[in-house]
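See structure below.
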Amino acid sequence: MPPRHLYIHIPFCARRCSYCDFSIAVRSVTPIDEYVTGLRRELGGLRQELEGATLDTVYLGGGTPSRLGGLGIGDVLATVRARVRISGAPEITIEANPDDVNDMAVAHWVAAGVNRVSLGSQSFDDAALKWMHRTHDASQIVRAVQTLRRGGIENISLDLIFALPAHLGRSWESDLVRALDLKPAHVSLYGLTVEAQTPIARWADRGATVQGSEESYEDEFLTAHAMMTAAGYDHYEVSNFALPGMTSSHNSGYWTGAPYIGVGPSAHSFDGAIRRWNVAAYSEWIRRLEKGETVIAGEETLTDENRAIERVYLGLRTRRGLEITEDEMGRAQGWRAAGWAVVDDPLQNPRVRLTPMGWLRLDSLATDLAAPSGRPLSATVGPNPSHCYI
Ligand code: SF4
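Numbering (our numbering), first residue to last: 77 to 466.
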């Protein structure tokens, strides 16, 4: 089956956020023409794979895709349209930082076909935003939402980070209230973890900060579930909430194991059997494309065991849950008794769906079901590892 989903990785950021360990390209001036030329070359090399494909979703992720501005995003989408058909009613998402959103850029994005914006908000607390090294303040988030709506984009997703260190004094409830006041169609949540090689890891090493406690992680996750669902949002995936009919089609493709093509530095692709990934560094990606060399850095063919683990892990992430066998029923009933899951239709077509309490134990429950021998989940299991969701 030809892919119906295209992911485009745009690695540029104005500076590194304090929690980010991603392979990004920090540039004060974004090399738009160089990037678009590289993209054209990479897509040109995928002619065979894209033949006969019709895309239902295009996702411009990063990095910070909005650093390409209005015309740059227009060039990217024109480059795509010149090489692959896009369906009549696609979902075309761009990740944007609030400070890149202005009337002119939005007009260009809409003209190019963008109809969904994922806004990197993270918090409405200016001190917390400063600590995160974000390039915007809270008032810019509000202005960005207004500007997007004025320009015709209603399908707006807000990213928020929870489990910040207590010493910041950030109120998670206030942030959720501020987010809900804006009535976004969709909200994505991420729990802060301290990754090696990040500014906050260095701060933690010298005692200048500490990771939020496990209790606060659990409390804030459950608070978000309670407040968001009370406001009419469906908690349809462990990290994602949507108003009715506003789930992310692109990300839902990942969670159902659909094939996708990824282009750009570090992008991953999956054809249903083989997962491959590009070189991560932007400079190397450009160099190889200029020389006519492949940008693929590696690939793996999923074994039956990989597929079984992936089926379990992806199924348990979502509210649809996972079809289970008679053998798995015993474990699922144990989870139900502990309040971690519900079991639907246990006699005919049993399905297990994790509760928010279960989602807090997602990795260990998935391992318990898919790899009861205790073997850890493969690091490659997940929606799309090429993408920094925050
Ligand atoms: S978190 Fe996102 S915006 Fe911040 S540096 Fe990383 S990729 Fe860039």
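By construction, the Cβ of each residue, glycine as well, lies at the ideal position given by its N, Cα and C atoms. Because the structure is a prediction, the values reported are computed rather than measured.
Q) If we ignore side chains and look at the alpha-carbon of each, how far apart do A158 and W361 end up? A) As a working note, residue 158 is residue 82 in the sequence shown. As a working note, residue 361 is residue 285 in the sequence shown. When rounded, the distance between both Cα atoms is 21 Å.
Q.
I'd like to check one pair, V388 with A373: are the Cβ atoms closer than 9 Å?
A. Here the question's residue 373 lines up with position 297 in the sequence shown. Here the question's residue 388 lines up with position 312 in the sequence shown. It is not a contact, given that the beta carbons lie outside the stated cut-off.
Q. Can you give the Cα-Cα distance for S454 and N382, rounded to whole angstroms?
A. The count along the sequence shown starts at 1 and reaches residue 454 at position 378. The count along the sequence shown starts at 1 and reaches residue 382 at position 306. Note that S454 scores 44 on pLDDT, short of 50, meaning its location in the model is unreliable and no value can be drawn from it.
Q) Nearest chain D C-beta to F346 closer than 9 Å, yes or no? A) As a matter of chain content, chain D is missing from the structure shown, which is built from one protein chain.
Q) Between the C-alpha atoms of I217 and L131, what's the straight-line distance to the nearest angstrom? A) If you number the sequence shown from 1, residue 217 lands on position 141. If you number the sequence shown from 1, residue 131 lands on position 55. When rounded, the distance between both Cα atoms is 30 Å.
Q: Give a single yes or no on whether I350 has its beta carbon closer than 8 Å to a heavy atom of the ligand COA.
A: The model depicted lacks the ligand COA and carries the ligand SF4 instead.
Q) Who are the near neighbours of W416 in its chain, counting only those whose CB is closer than 8 Å to its CB and skipping five residues on each side? A) Indexing the sequence shown from 1 puts residue 416 at position 340. Result list for W416: L430, T431, M433, G434, R437, L441, in chain order.
Q. Whole-angstrom Cβ separation of Q198 and D235, contact assumed at under 8 Å?
A. Sequence index remark: in the sequence shown, residue 198 carries index 122 (1-based). Sequence index remark: in the sequence shown, residue 235 carries index 159 (1-based). Between D235 and Q198 the Cβ distance is about 6 Å, and since that is below 8 Å, they are a contact.
(Q) Does V457 pass the burial test, meaning 16 or more other C-beta atoms within 10 Å, or should it be called exposed? (A) Taking the sequence shown and counting its residues from 1, one reaches residue 457 at position 381. Any reading at V457 must be qualified, since the residue scores a pLDDT of 40, below 50, and its modelled position is unreliable; no value is offered.
(Q) Starting from S440, trace the alpha helix (DSSP H) in both directions and tell me its first and last residue. (A) The residue you call residue 440 lines up with position 364 of the sequence shown. Going by DSSP, S440 is part of the alpha helix (DSSP H) stretching over 438–446.
Q.
the ligand SF4 and N191: does the residue's C-beta get closer than 8 Å to at least one heavy atom of that ligand?
A. Locating residue 191 in the sequence shown gives position 115, where the first residue counts as 1. No, since every heavy atom of the ligand SF4 falls outside the 8 Å radius drawn around the Cβ of N191.
Q) Can the beta-carbon of V177 be found closer than 9 Å to that of A220? A) Taking the first residue of the sequence shown as 1, we reach residue 177 at position 101. Taking the first residue of the sequence shown as 1, we reach residue 220 at position 144. A contact, by the Cβ cut-off of 9 Å.
Q: Would you identify the three-state DSSP class for I385, choosing helix, strand or coil?
A: In the sequence shown, the residue the question calls residue 385 occupies position 309. Of the three classes helix, strand and coil, the one that applies to I385 here is helix, per DSSP.
**Q.** Environment of G245 [buried if 16+ CB atoms lie within 10 Å]
**A.** Residue mapping note: residue 245 aligns to position 169 of the sequence shown, counting from 1. Exposed, because fewer than 16 other Cβ atoms sit within 10 Å of the Cβ of G245.
Q. What is the DSSP secondary structure of I400, counted as helix, strand or coil?
A. Counting from 1 along the sequence shown, the entry for residue 400 is found at position 324. Of the three classes helix, strand and coil, the one that applies to I400 here is coil, per DSSP.
**Q.** Per-residue DSSP class, three states only, for P426
**A.** Counting from one through the sequence shown, the residue named residue 426 turns up at place 350. DSSP places P426 in coil when its eight states are reduced to three.
Q.
Under 8 Å: does the beta carbon of R278 sit that close to some heavy atom of the ligand SF4?
A. One-based indexing of the sequence shown puts residue 278 at position 202. The answer is no for R278.
Q: Grab the span of the beta strand (DSSP E) containing L268 for me, first residue to last.
A: Residue numbering aside, residue 268 sits at position 192 when the sequence shown is read from its first letter. Taken as a continuous stretch (DSSP letters only), L268 belongs to no beta strand (DSSP E), as it is neither H nor E.
Q: Return the first residue and the last residue of the alpha helix (DSSP H) that F297 is part of.
A: Here the question's residue 297 lines up with position 221 in the sequence shown. Residues 290–306.
Q: Sort out for me which residues DSSP pairs N316 with in a bridge.
A: The residue you call residue 316 lines up with position 240 of the sequence shown. S264, E313.
**Q.** Reduced DSSP secondary structure (H/G/I, E/B, other) of E127
**A.** One-based indexing of the sequence shown puts residue 127 at position 51. Correct three-state label for E127: coil.
Q. Which of helix, strand or coil does DSSP assign to S163?
A. As a first step, residue 163 is located in the sequence shown; it is residue number 87 there, counting from the start. S163: strand per DSSP, three-state reduction.
(Q) Once the 5 residues before and after A183 are set aside, which same chain residues still bring their CB inside 8 Å of it? (A) Position 107 of the sequence shown, counted from the start, is the residue given in the question as residue 183. The residues are G146, G227.
Q.
Suppose you measure from the CA of S233 to the CA of D421; what does that come to, to the nearest Å?
A. Here residue 233 corresponds to residue number 157 of the sequence shown, with the count starting at 1. Here residue 421 corresponds to residue number 345 of the sequence shown, with the count starting at 1. The alpha-carbon of S233 is positioned some 33 Å away from that of D421.
Q.
Taking only three categories from DSSP, how would you classify I466?
A. On the sequence shown, position 390 is the one that residue 466 refers to. Any answer about I466 is weak, because its pLDDT of 48 lies below 50 and its placement is not dependable; what the coordinates show is given next. Coil.
Q.
What does the alpha-carbon distance come out to for the pair A300 and L122?
A. Taking the first residue of the sequence shown as 1, we reach residue 300 at position 224. Taking the first residue of the sequence shown as 1, we reach residue 122 at position 46. Cα to Cα, the separation comes out at about 42 Å.
Q. Within 8 Å: the Cβ of R103 and any heavy atom of the ligand SF4?
A. Here residue 103 corresponds to residue number 27 of the sequence shown, with the count starting at 1. No, the Cβ of R103 stays beyond 8 Å of every heavy atom of the ligand SF4.
Q) Just curious, the alpha helix (DSSP H) that N173 is in, first and last residue? A) Counting from one through the sequence shown, the residue named residue 173 turns up at place 97. Element bounds for N173: n/a, residue is neither H nor E.
Q | For C93, the three-state DSSP class (helix, strand or coil) | A | One-based indexing of the sequence shown puts residue 93 at position 17. DSSP places C93 in coil when its eight states are reduced to three.
Q: Quick one: residues in its chain with C-beta nearer than 7 Å to the C-beta of R210, no 5 flanking neighbours on either side, listed in chain order?
A: Residue 210 sits at position 134 when you count from the first residue of the sequence shown. Within the same chain, R210 has close Cβ partners C93, Q198.
Q) Distance, Cα to Cα, D342 vs H85? A) If you number the sequence shown from 1, residue 342 lands on position 266. If you number the sequence shown from 1, residue 85 lands on position 9. Going by the sequence as given, residue 342 is Ser instead of Asp. The straight-line gap from Cα to Cα measures roughly 7 Å.
Q) Quick one: what's I232 bridged to in DSSP? A) On the sequence shown, residue 232 is found 156 positions in, with the first residue counted as 1. According to DSSP, which records beta bridges pairwise, I232 is partnered with V193.
**Q.** Which listed residue (W331, R278, G128, H311) has its alpha carbon closest to that of L390
**A.** Residue numbering aside, residue 390 sits at position 314 when the sequence shown is read from its first letter. Nearest of W331, R278, G128, H311 to L390, Cα basis: W331.
(Q) Which same chain residues end up closer than 6 Å to A90 when comparing Cβ atoms and leaving out the 5 residues on each side of it in sequence? (A) The residue given as residue 90 occupies position 14 in the sequence shown. Cβ neighbours of A90 within its own chain (closer than 6 Å, five residues either side excluded): T211.
Q) Buried or exposed: G406, going by 16 or more other Cβ atoms within 10 Å of its Cβ? A) On the sequence shown, residue 406 is found 330 positions in, with the first residue counted as 1. With fewer than 16 Cβ atoms within 10 Å of its Cβ, G406 is classed as exposed.
Q) How should T370 be labelled, buried or exposed, when 16 other C-beta atoms within 10 angstroms of its C-beta is the threshold for buried? A) Counting from one through the sequence shown, the residue named residue 370 turns up at place 294. It is exposed - the Cβ of T370 has fewer than 16 other Cβ atoms within 10 Å.
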